[in-house]
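Engineer:
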Amino acid sequence: MITFLINFFRILERVEMKYPFAEVEKKWQSYWENNQVFKTDLADLEKKLYCLVMFIYPSGSKLHCGHWYNYGPTDSWARFKKLQGYNVFEPMGYDAFGLPAENYAIKTGIHPQDSTFTNIDDIRNQLKHMGCMYDWSAELMTCVPEYYKWNQWLFLQLYKRGLAYRKKAPVNWCPSCQTVLANEQVQQDGSCERCGTMVEHKNLTQWFFKITDYADELLDGLNKIDWPDKTKLMQTNWIGKSVGTEVKFRVEGHDETITVFTTRPDTLFGVTYAVLAPESELVEKLTTDEYKETVQKYVDSVKSLTEIERTSTVKEKTGVPTGAFAINPVNGEKVPIWVADYVLASYGTGSVMAVPGHDERDFEFAEKFGLPIRKVILEPGKNPEDKLEEAYTDAGTMINSGEFSGLNSDDGIEKVSDWLEEKSLGNRKTNFRLRDWLISRQRYWGTPIPVVYCDKCGEVPIPEDQLPVTLPYDVNIKSDGGSPLAKNEEFINTACPQCGGAAKRDADTMDTFVDSSWYYLRYLNPNFNDGMFDTKLANEWTPVDMYVGGAEHATMHLLYARFIHKFLRDIGMVNSDEPFAKLVHQGTITNQGAKMSKSKGNVVNPDSFINDYGSDVFRMYLMFMGPYELGGDWSDKGIVGVDRFVQRTYSLFKKYEGISKESESKDAYELSDLNENEKSVYRKVNHTLNKFSEEIEHFRFNTAVALLMELLNELNKNFEQCRIDLIVYSLERFSALLSPLAPHLGEECWGLIGREKSMYEDPVWFEIDTKALTVDNVTIAVQVNGKLRAKIDMPVDTPQDEVKSAVFNDDKVKSHTDGKTVVKEIYVPNKIYNIVVK
RNA sequence: GCCGAAGUGGCGGAAUUGGUAGACGCGCUGGACUCAAAAUCCAGUGGGGCUUAUACCUCGUGCCGGUUCGAGUCCGGCCUUCGGUACCA
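In our numbering, each residue carries its 1-based index in the first sequence increased by 792.
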């Protein structure tokens, strides 16, 4: 009975000592909210800083570990900046249109709008529990007319300037479901994910934004922004600028000409055949009667293949001749015209000249179909007679090339192009791999396209003063046959704004990437009624200083947003060239090796961890897991380590509760006034301040957490022997360091030592005493032939000759050098002394 | 396929410009406290060899090769995993 009581009290005592995270987190969250600590004064432009994280997609699943991984550390960076005195604007919103809500509706019958609003309410609630410093007055969502109205307005501005246009483009069509499928709804074998029917390609007339008009500027602009090199490289490759020449080939016995694009006009004399893309309009025109059937069969067989399959360099090349012949403009030679799927209609002119001797794909194709291979570029050091074993694609000397023979091929490119231009047989041309942005979606849950089609007036844009075109609520999403909106008579039938006659609305909605191309401008005043966004604020606050989001957006969202920003600049809406000055990618948190997704059923729910450890521990653990930009596979193995750190930290502050009321710290100390323990503490505190700033600045949160752990170990070890004001000095700084990573704990600790307000109301950051960063002694590693043999301690900056004598007096060094000749010595001051012996 | 990344102890990872590989944490082992356990605290912890022991030797950053006094880091060639590939966002 007595033991029981003793244990009971002991448990009570422990419960009391344990960090009451639930209570503390709630307390600070309400404090921040009630005192509007994180409402940004956008009029205060001195040290303004716009920190943006990619807004959240409110699909069926709520916040998962991946969201925490994205938002927590970014917020820590923003908080760090706030403490440093920046006026930080950190908003949050919802990318609320999109396919998954619609799929969910088809499965459950719950209307996308209803499920989206419910999800947003849940997510908002969860976000608030993370304890981020979001300015909730700036919250926005894209699925309301107040937002998407401006997508429509943007569309009209693009339309006015000829940058929104219609053309035919293929979609994935499931003949059984009678619906258009997204690429992700098509399975690997080309079948529909719902019913398994083979998906077909069907051509529909759809809207495009002419991003290609900005291709050159999008490329050049990459030099002006502080983005990861890999992202810039991916965008560069995606845009795929190539400078070359278009060459016209006459077709024998035909009025048509074939225009091909080539970057290697120097190889024109090596052309032994020409190839048309299967979709090319020329195929039907040029194919001779004899070949009509085989060509038609071939073209049909290619329809189900994806672009990836077609352009695969390991897939066996296929193709058929058309029976027609083209005339090579440089030598008048007659070469056969083939159709082959390795040529894409979407790139260049949709036709290529084939030079098997100097192009790998052409070489493979020619070998397979027995087409001639001619050598026209001589590899340095080889003979003209040597047989080509593979395509030679580098520069060399031109041979078998008429008047151009003997030229270096690099010069030949220019000379042949000049010659073609003089004779009007070709033109220099720059081509881009980048294609125009297809924005039409045959779906319900998106922004209606503000155009009507009138029998009399044709295609008519909705006048700006009649916007928004509201997305109707009552729509049968499951309707078979194309766009759901097409079946809503009330929506689709309207009066023509021009003639007042009967007209039909465009039944498609916009790609959701349109929404996300300008949301960062709307955040500055989401309630702005006089335009898309407040231009004055936009000019003052953008480009965004820091943008954080996944690398999976490298080529699409991040390119579209840059395009739209440049367009908005051209119509006078913003005065900057780029939307995002600095960009950081967080890595992906996977689970059992796979990206977390509801469909895979591997989403890790953070709630149980928040309940057991609190949000500070959870976000700090995510930061501690590894490098932010790498992500990693989820495991909860180490979370107890971070929890222990938090507990020990809290105990330490609890031990010195109210200490700043007993004694005031100095701003700096003279090292000579401190005892050994104090010196060690003082150095560690300053060293940590210094390194921590550097680490957080560069999003290296894992090492920042480790630094705080080291600091705590140091304080626990030496505090007993420290004077009280130095303890205050250390704890003040420690709570400031904690505050960005564990915001609730940081505030609580700051309060425990006796401070009244939130750290963020009167931001505090402490100056580093650089004198404390110096050391008295260094350990020099001594190597013999690059192998570590000894370590010697020396005063810092000891002259080399003194280091040398110490090194050669060392017994271990002697044992490795005795009887050998010293060939070379390398001394890296204060670091390494390497002796090379023979 | 193409474009872009990554690979280090039993595990997550550290090593900021080519300069002491394994910081910090998890786990594990041993000890203290306890009737006992949990929690906490202290110590140890890459593999192999050798020694009474301090020590010392040796191998070691996905694989093969190269540059260098010195390579996790740079170069060439592979292997594996991940992101994107234009209608998931």
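Even for Gly, the Cβ is constructed at its ideal location relative to N, Cα and C. All of these numbers come straight from a predicted model, not from anything done at the bench.
Mind listing, in chain order, the continuous alpha helix (DSSP H) runs of no fewer than 4 residues lying wholly within the segment 928-975?
Structural biologist: If we require 4 residues or more, the alpha helix (DSSP H) runs fully inside the segment 928-975 come out as 937-952.
Engineer: Tell me, please, which residues DSSP counts as bridged to Tyr-1339.
Structural biologist: Its beta-bridge partners are Leu-844 and Leu-1375.
Engineer: For Met-925, collect the residues of the same chain with a Cβ closer than 8 Å to its Cβ; drop the 5 residues on either side in sequence, then sort them by chain order.
Structural biologist: Trp-824, Val-829, Phe-830, Asp-867, Ala-870, Arg-871, Lys-874, Val-880, Glu-882, Pro-1535 and Tyr-1552
Engineer: Sort out for me which residues DSSP pairs Tyr-1065 with in a bridge.
Structural biologist: Ala-1146
Engineer: What residue from Tyr-1312, Val-1306 and Leu-1097 has the CA that sits closest to Asn-964's CA?
Structural biologist: Closest option to Asn-964, judged by alpha-carbon separation, among Tyr-1312, Val-1306 and Leu-1097: Leu-1097.
Engineer: Just the Cα atoms here: how many angstroms apart are Gly-901 and Tyr-1265?
Structural biologist: 13 Å
Engineer: Kindly provide the ranges of any beta strand (DSSP E) runs that are 3 or more residues long and lie completely inside the segment 1474-1537, ordered along the chain.
Structural biologist: Taking only runs of at least 3 residues, no beta strand (DSSP E) segment lies wholly in the segment 1474-1537.
Engineer: When burial is assigned at 16 or more other CB atoms within 10 Å of the CB, is Glu-1470 buried or exposed?
Structural biologist: buried
Engineer: Look up Lys-810 in the DSSP assignment and say whether it is helix, strand or coil.
Structural biologist: coil
Engineer: May I ask which residues mark the beginning and end of the beta strand (DSSP E) holding Phe-1397?
Structural biologist: A quick correction: the sequence has Asn, not Phe, at residue 1397. Counting along the chain, Asn-1397 falls outside any beta strand (DSSP E), and DSSP gives it neither H nor E.
Engineer: Could you give the distance in angstroms between the alpha-carbon of Leu-1259 and the alpha-carbon of Lys-941?
Structural biologist: Cα atoms of Leu-1259 and Lys-941: separation of roughly 6 Å, rounded to the nearest angstrom.
Engineer: For Glu-1539 and Leu-1530, I'd like the C-alpha separation in whole angstroms.
Structural biologist: 9 Å
Engineer: DSSP beta-bridge partners for Trp-1310?
Structural biologist: DSSP lists no partner for Trp-1310.
Engineer: Would you check if the distance between the CB atom of Asn-1321 and the CB atom of Val-1366 is smaller than 8 Å?
Structural biologist: no
Engineer: Going by the beta-carbon positions, is the gap between Asp-914 and Lys-854 smaller than 8 Å?
Structural biologist: yes
Engineer: Could you check where the beta strand (DSSP E) with Glu-1617 kicks off and where it finishes?
Structural biologist: 1614-1620
Engineer: Can you grab the Cα-Cα spacing for the pair Ile-1624 / Val-1570, in whole Å?
Structural biologist: 10 Å
Engineer: Taking the DSSP output, what are the residues bridged to Met-884?
Structural biologist: Answer is none; Met-884 lacks a bridge partner.
Engineer: Return the CA-CA distance between Arg-1225 and Ser-968, expressed in angstroms with no decimal places.
Structural biologist: 34 Å
Engineer: Judging by CA-CA distance, which residue of Asn-1268, Gly-1124, His-1608 and Val-1039 is the nearest neighbour of Leu-1217?
Structural biologist: Val-1039
Engineer: Given this structure, state the Cα-to-Cα distance separating Lys-1616 from Lys-1630, to the nearest angstrom.
Structural biologist: 10 Å
Engineer: Spatial neighbours of Cys-1291 within its chain, please: CB distance less than 7 Å, with the 5 preceding and 5 following residues excluded, ordered by chain position.
Structural biologist: Residues of the same chain with a CB within less than 7 Å of the CB of Cys-1291, apart from the 5 flanking positions on each side, are Cys-1246, Lys-1248 and Cys-1249 in chain order.
Engineer: Using 8 Å for Cβ pairs, my map puts Phe-1484 next to Leu-1507. What's the rounded Cβ distance?
Structural biologist: Actually they are not in contact, since the Cβ atoms of Phe-1484 and Leu-1507 sit about 15 Å apart, beyond 8 Å.
Engineer: Kindly list the residues whose CB is nearer than 7 Å to the CB of Glu-1099, restricted to its own chain and excluding five residues on each side of it in sequence; keep chain order.
Structural biologist: Leu-1136
Engineer: From the DSSP output, in three-state form, read off Ser-983 for me.
Structural biologist: In the structure shown, Ser-983 sits in a strand (DSSP, three-state: E or B).
Engineer: Please determine, among Thr-971, Leu-1523 and Leu-1316, the residue with the shortest C-alpha to C-alpha distance to Phe-1445.
Structural biologist: Leu-1523
Engineer: From Thr-1141 to Glu-1487, what does the alpha carbon distance come to, in whole angstroms?
Structural biologist: 50 Å
Engineer: Any idea what DSSP makes of Phe-1041, helix, strand or coil?
Structural biologist: strand
Engineer: Just how far apart, CA to CA, sit Leu-1481 and Leu-1504?
Structural biologist: C-alpha of Leu-1481 to C-alpha of Leu-1504: approximately 13 Å in a straight line.
Engineer: So what does DSSP say about Ser-1034, is it helix, strand or coil?
Structural biologist: Ser-1034 falls in the strand class under three-state DSSP.
Engineer: Considering only DSSP beta bridges, list what Asn-895 is partnered with.
Structural biologist: Beta bridge pairing from DSSP links Asn-895 with no other residue.
Engineer: Out of curiosity, what's the CA-to-CA distance linking Thr-1609 and Val-1576?
Structural biologist: 8 Å
Engineer: Check whether the segment 973-981 touches the segment 993-1012, taking contact to mean three or more Cβ pairs, one atom from each stretch, closer than 8 Å.
Structural biologist: Between the segment 973-981 and the segment 993-1012, the count of Cβ pairs shorter than 8 Å is below three; the stretches do not touch.
Engineer: Report the rounded CA-to-CA distance for Gly-1393 versus Tyr-896, giving the unit in angstroms.
Structural biologist: 15 Å
Engineer: Taking DSSP as the reference, what is the three-state secondary structure of Tyr-849?
Structural biologist: coil
Engineer: So, do the segment 1085-1092 and the segment 1107-1118 have three or more beta carbon pairs nearer to each other than 8 Å?
Structural biologist: yes
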